Structures are given as C-alpha cells and as structure tokens.
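Have a look at the structure below before the remarks.
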Amino acid sequence: MEKRNIVKCHASGIRAVKDAMDVLSGNWKLPILTSLYEGTKRFKQISREVEGISDKMLSKELKELEMNQLVKRTVLDTFPPKVEYELTEHAATLEKLLDAMRDWGLLHRQKIVGK
C-alpha cells in the first residue's frame, strides 16, 4: 500500500485522530449531526429522523455535542417552552468529513451488499 501524507507528524496525528474519535464516537453523534445539517430542529424531529435512538440517549448525545460546541441549544420564550437545536459554525468544519463518510458508506454498501 502506498504511503500517503495523512498526518504530518506521527505522534501528534495519532492524538488528533483520537481527539476527533472521542468527540464523534458512538452510534448516534454522526447521524444526529447529519440530521441537523438540514437546519434547525426540535428534539422530536431529530428523534424521528435518527431511527432507533431513545429519547434518553438523544438527550445525552445532544448535551455532549453542545459541550463540544458542535450543537447550539436554544430555549424559546413560549408556553410551553420550546427547545431548538442547530449546528454551530464549528460543526460546519465537519461537512467534508461527513460527505466523505457518506460517499464511502454508499460505496462500501454497494461493494459488500450489492445495493
């Protein structure tokens, strides 16, 4: 296999990949982010789009994404209060990564499953 210039410095590159994996790991964070790329959404909208996620897990993952400054939570001054979630500018830096992962996933599914 041809060596590519994926990381400039081996040790710092490994740390950077680990940092990214720590923030984005799990079954749900990337699908949540992908859902929010379509625009601002309320909790139940995200829950419906990210099939299989429980409300408890969605709440936990949204809090972690907010902590890592990828998601902004806004409580609207209504009765009852409404909460909306949207991506931050920092999350926009993941767009190329998510596009590449989608493309690879489609290619991989085609190769392995044939659909």
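Numbering (full-length UniProt numbering), first residue to last: 1 to 115. The beta-carbon is built from N, C-alpha and C at its ideal position, and this holds for glycine as well. Just so you know, these numbers come straight off a predicted model, no measurement behind them.
In the structure shown, what three-state DSSP assignment does residue i receive?
i, result
"residue 116", "Because residue 116 is not part of the residues shown, which for the chain are 1 to 115, the question remains open."
"residue 87", "strand"
Kindly list the residues whose CB is nearer than 7 Å to the CB of residue i, restricted to its own chain and excluding five residues on each side of it in sequence; keep chain order.
i, result
"residue 103", "none"
"residue 23", "68"
"residue 55", "47"
Nearest to residue i by CA position, among the options, is which residue?
i, options, result
"residue 100", "19, 34, 111", "34"
"residue 87", "62, 28, 71, 26", "71"
"residue 29", "52, 78, 11", "52"
"residue 92", "73, 38, 114, 57", "38"
"residue 66", "49, 36, 18, 50", "36"
Would you give the residue range spanned by the alpha helix (DSSP H) that residue i belongs to?
i, result
"residue 23", "10 to 24"
Identify, in the order they occur along the chain, each residue of the same chain with its Cβ nearer than 6 Å to the Cβ of residue i, setting aside the five sequence neighbours on each side.
i, result
"residue 40", "84, 86"
Could you compute how far the alpha carbon of residue i sits from the alpha carbon of residue j?
i, j, result
"residue 108", "residue 80", "45 Å"
"residue 25", "residue 75", "27 Å"
"residue 59", "residue 89", "21 Å"
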